[in-house]
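**Student:**
Numbering (the working numbering), first residue to last: -6 to 254.
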């Protein structure tokens, strides 16, 4: 499994500066997996979506992420702004087979399952699809991964990995190229290629926002650009807390509807 970007807050450094470089895709993947919080994180984020004519729509949400005893993770994303989106939520449940994803919109008054054919749709009006956000949360399905020639992002040396989603995953992409920082093992850039090897989207970390909090590396800003539609969404981590106890019951369809009330 690869593309474990979110929680955007990244965990303790696995490869310190000056350490011997990793050699295989498996080693790089392991280093990247090791860059996640050990058990949980809570983030407050803003998502600023800019359309083709430059108009910006801002939404804000809280993201709870928790790794369970079986080593699998769950994610609850809840919007609290703007008012017309308040209470809307997304629940992701990692499974060894195909993951489960559910959304809740207050105006519908019910939970809706995200099917594999729906994962390429825009997530709450942003440039992130459900599939891309699933990958950002580090719970994407496993796929064949190879190491490519090393690269760099904003002058930072990076390992480069290429993921080719399987046909069974119903991915919108033929391949996904990831740039993994050699110093911290966090992901600095992702390129998403559609059929015909056309670059559709590019996700880039703002490396000027890289920092450590309590021994945990994080990038506080990421930009997703849709090259075809000429739109973009900037995701900003406004607050983050690692290791906060989160009750198991939060990650359920019932809680998705109730909003914790």
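Glycine included, each C-beta is placed from N, C-alpha and C at the ideal position.
#1: Quick check on the burial criterion: 16 or more other C-beta atoms within 10 angstroms. Buried or exposed for residue 28?
#2: Does the beta-carbon of residue -4 have 16 or more other beta-carbons within 10 angstroms, so that it is buried, or is it exposed?
#3: Residue 129 to residue 176, Cα distance in whole Å?
#4: Would you tell me roughly how many angstroms separate the C-alpha atoms of residue 24 and residue 52, rounded to the nearest one?
#5: Taking just the CA atoms, how far does residue 94 sit from residue 84?
#6: Exposed or buried, what is residue 135 when buried is set at 16 or more other beta-carbons lying within 10 Å of its beta-carbon?
#7: Answer yes or no: do residue 186 and residue 166 have a C-beta to C-beta separation smaller than 8 angstroms?
#8: Taking all protein chains shown into account, decide if residue 180 is buried (16 or more other Cβ within 10 angstroms of its Cβ) or exposed.
#9: With DSSP run on the structure shown, which of helix, strand or coil describes residue 215?
#10: What is the rounded straight-line gap between the Cα of residue 239 and the Cα of residue 90?
#11: Hey, is the region 138 to 156 in contact with the region 211 to 230, meaning 3+ C-beta pairs nearer than 8 angstroms?
#12: Going by DSSP, name the residue or residues bridged to residue 29.
#13: Hey, quick one: how far does the beta strand (DSSP E) through residue 183 stretch, first residue to last?
#14: Distance, Cα to Cα, residue 193 vs residue 100?
#15: Could you tell me the boundaries of the beta strand (DSSP E) in which residue 249 lies?
#16: Give the range of the beta strand (DSSP E) segment to which residue 227 is assigned.
#17: Per DSSP, which residues does residue 97 bridge with? Please list them.
#18: According to DSSP, is residue 142 part of a helix, a strand, or is it coil?
#19: Residue 212: which of 37, 200, 112, 221 sits nearest, CA to CA?
**Tutor:** Put simply:
#1: Counted from its first residue, the chain shown places residue 28 at position 35. That one is buried.
#2: Numbered from 1 along the chain shown, position 3 holds the residue referred to as residue -4. Because the pLDDT of residue -4 is 40, which lies under 50, any placement of that residue in the model is unreliable, and the question is left without a value.
#3: Numbered from its first residue, the chain shown carries residue 129 at position 136. Numbered from its first residue, the chain shown carries residue 176 at position 183. Approximately 20 angstroms between the Cα atoms of the pair.
#4: For the purposes of this step, residue 24 is taken as the residue at position 31 of the chain shown. For the purposes of this step, residue 52 is taken as the residue at position 59 of the chain shown. For residue 24 and residue 52, the distance between alpha carbons rounds to 32 angstroms.
#5: Residue mapping note: residue 84 aligns to position 91 of the chain shown, counting from 1. Residue mapping note: residue 94 aligns to position 101 of the chain shown, counting from 1. Going from the Cα of residue 84 to the Cα of residue 94 covers about 6 angstroms.
#6: Taking the chain shown and counting its residues from 1, the one referred to as residue 135 is at position 142. When all chains shown are included, residue 135 counts as exposed.
#7: In the chain shown, the residue the question calls residue 186 occupies position 193. In the chain shown, the residue the question calls residue 166 occupies position 173. Contact flag set, yes.
#8: If you number the chain shown from 1, residue 180 lands on position 187. Per the 10 Å Cβ criterion, buried.
#9: As a first step, residue 215 is located in the chain shown; it is residue number 222 there, counting from the start. Residue state, collapsed to three classes: strand.
#10: As a first step, residue 239 must be located in the chain shown, where it is residue number 246. As a first step, residue 90 must be located in the chain shown, where it is residue number 97. Answer to the nearest angstrom: the Cα atoms are 25 angstroms apart.
#11: no
#12: In the chain shown, counting from the first residue as 1, residue 29 sits at position 36. According to DSSP, residue 29 bridges with nothing at all.
#13: The residue you call residue 183 lines up with position 190 of the chain shown. Note, residue 183: beta strand (DSSP E), 180 to 187.
#14: Against the chain shown, residue 193 aligns to sequence position 200. Against the chain shown, residue 100 aligns to sequence position 107. Distance between the alpha carbons of residue 193 and residue 100: 32 angstroms.
#15: Stepping through the chain shown from its first residue, residue 249 is reached at position 256. No beta strand (DSSP E) holds residue 249; the alpha helix (DSSP H) holding it covers 246 to 251.
#16: To locate residue 227, count along the chain shown from 1; it is residue 234. Segment 224 to 235, the beta strand (DSSP E) holding residue 227.
#17: Against the chain shown, residue 97 aligns to sequence position 104. DSSP output for residue 97 lists 82, 104 as bridge partner(s).
#18: For the purposes of this step, residue 142 is taken as residue 149 along the chain shown, with counting starting at 1. Looking at residue 142 - three-state DSSP - the assignment turns out to be strand.
#19: Locating residue 212 in the chain shown gives position 219, where the first residue counts as 1. Residue 212 has its Cα closest to that of 200, out of 37, 200, 112, 221.
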